[in-house]
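Student:
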Amino acid sequence: MVNQFDWQKGFGIDFDFSSGMSPQAETTRRYLSQMKGMYLEEEVRAEMCREKDPLVYEFYELGVPECGGDLAFGTTIVYPGKVNNEFYMTKGHFHTILDTAEVYWGLQGTGYMLMENMDGDVQIQLIEPGRAVYVPKGYAHRSINSGDTPLVMFFVFRGDAGHNYGTIEVKGYRKICLEENGKPVFVDNPRWK
Ligand code: MN
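Everything in the sequence shown is counted per our numbering, starting at 1 for the first residue and increasing by one.
Below you can see the structure in the form of structure tokens.
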């Protein structure tokens, strides 16, 4: 047993449909101060952190054994908000084992899964309650909250997949999601390297 969950004999855990929260585990939290350089308007982001460092998203890790036969699962909650006119989003990552996919299932709220692979192919999928999104192997993935309520998603992926945040931190994504005339639009990222 790696932690309080019995990954050998099985276990149950409650996730609230509306909040995504579980009384049985702690989330990992990402604040805006931890997303330096990831939004188009870096100065606006920095100023927002000085005033009140907002919580952008949180998710469950649960301590799955890093074993190919296990499955990591939990919920991710992306809060509503914007940096200037760019919607709150997760950092996004490739899996360390690039050849591993992931499924996200929308429980509450509205947003998008933004995906891109090493060849530069970009895929965008709507996330809303009842809609499941398949993130294919080889694609970095970032979820974006384009609504005004929390975006709550259930996810599951191979336990040993691992997370590579570094590539995205350095290069950024090719596309960013902005609010224009009250609607989400995807545009080329001028900061992409
Ligand atoms: Mn992933």
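In this text, a Cβ means the ideal position worked out from N, Cα and C, and glycines have one as well.
#1: What would DSSP say about Gly106, mapped onto helix, strand or coil?
#2: Provide the residue span of the alpha helix (DSSP H) that contains Thr96, from first to last.
#3: Would you call the CB atoms of His93 and Asn164 closer than 7 Å?
#4: Just checking my contact of Gly68 with Asp160 at CB under 8 Å: how many whole Å lie between their CB atoms?
#5: Looking at the structure shown, is Met115 part of a helix, part of a strand, or coil, going by DSSP?
#6: Is Glu102 a contact residue of the ligand MN, with contact defined as CB to any heavy atom under 6 Å?
#7: From which residue to which residue does the beta strand (DSSP E) around Cys177 run?
#8: Measuring only the C-alpha atoms, how far is Glu66 from Ile97?
#9: Whose C-beta lies closer than 6 Å to the C-beta of Gly106 among residues of the same chain, with five residues either side of it excluded?
#10: Please report the distance separating the alpha-carbon of Cys177 from that of Tyr88.
#11: Name the DSSP bridge partner or partners of Glu58?
#12: Given a threshold of 16 other Cβ atoms within 10 Å of its Cβ, counted over all protein chains shown, does Phe11 qualify as buried or as exposed?
#13: Please classify Ser18: is it buried, with 16 or more other beta-carbons within 10 angstroms of its beta-carbon, or exposed?
#14: Relative to the C-alpha of Val142, which candidate in Glu43, Tyr60, Thr90, Asp16 has its C-alpha closest?
#15: Over what stretch of residues does the beta strand (DSSP E) that includes Arg158 continue unbroken?
#16: In the DSSP assignment, find the alpha helix (DSSP H) that holds Lys183 and state where it starts and stops.
#17: Look up Ala161 in the DSSP assignment and give the residues it is bridged to.
#18: Taking all protein chains shown into account, do 16 or more other C-beta atoms lie within 10 angstroms of the C-beta of Arg29, making it buried, or fewer, making it exposed?
Tutor: Taking the definition as stated:
#1: Translated into the one-based positions of the sequence shown, residue 106 becomes position 106. Three-state DSSP puts Gly106 in a strand.
#2: Taking the sequence shown and counting its residues from 1, the one referred to as residue 96 is at position 96. Segment: none, Thr96 is in no alpha helix (DSSP H) and carries neither H nor E.
#3: What you label residue 93 is simply residue 93 of the sequence shown in a count that begins at 1. What you label residue 164 is simply residue 164 of the sequence shown in a count that begins at 1. Yes, Cβ-Cβ distance for His93 and Asn164 is below 7 Å.
#4: Here residue 68 corresponds to residue number 68 of the sequence shown, with the count starting at 1. Here residue 160 corresponds to residue number 160 of the sequence shown, with the count starting at 1. Indeed, because the Cβ distance is near 5 Å, the residues count as touching under 8 Å.
#5: Along the sequence shown, read from residue 1 onward, the residue named residue 115 stands at position 115. Secondary structure of Met115 (DSSP, three-state): strand.
#6: For the purposes of this step, residue 102 is identified with residue 102 of the sequence shown, where counting begins at 1. Glu102: yes, Cβ under 6 Å from the ligand MN.
#7: Locating residue 177 in the sequence shown gives position 177, counting from the first residue. Per DSSP, Cys177 belongs to the beta strand (DSSP E) from 175-180.
#8: Start at 1 with the first residue of the sequence shown, and residue 66 comes out as number 66. Start at 1 with the first residue of the sequence shown, and residue 97 comes out as number 97. Going by the C-alpha atoms only, they are around 11 Å apart.
#9: Sequence index remark: in the sequence shown, residue 106 carries index 106 (1-based). Excluding sequence neighbours, Gly106 sits near Ile127, Glu128, Pro129, Arg131, Met153.
#10: As a first step, residue 177 is located in the sequence shown; it is residue number 177 there, counting from the start. As a first step, residue 88 is located in the sequence shown; it is residue number 88 there, counting from the start. Approximately 9 Å between the Cα atoms of the pair.
#11: By one-based count along the sequence shown, residue 58 stands at place 58. According to DSSP, which records beta bridges pairwise, Glu58 is partnered with Arg29, Ile77.
#12: In the sequence shown, counting from the first residue as 1, residue 11 sits at position 11. Exposed: under 16 other Cβ atoms inside 10 Å.
#13: One-based indexing of the sequence shown puts residue 18 at position 18. Exposed is the call here.
#14: Position 142 of the sequence shown, counted from the first residue, corresponds to residue 142. The question names Val, but residue 142 is Arg in the sequence shown. When each option's Cα is compared against that of Arg142, the closest is Thr90.
#15: Sequence index remark: in the sequence shown, residue 158 carries index 158 (1-based). Per DSSP, Arg158 belongs to the beta strand (DSSP E) from 151-158.
#16: Looking up residue 183 in the sequence shown gives position 183. Lys183 -> not in any alpha helix (DSSP H); beta strand (DSSP E) instead, spanning 183-188.
#17: The sequence position of residue 161 within the sequence shown is 161, counting from 1. In the DSSP output, where bridge partners are listed per residue, Ala161 has none listed.
#18: Against the sequence shown, residue 29 aligns to sequence position 29. Classification for Arg29: exposed.
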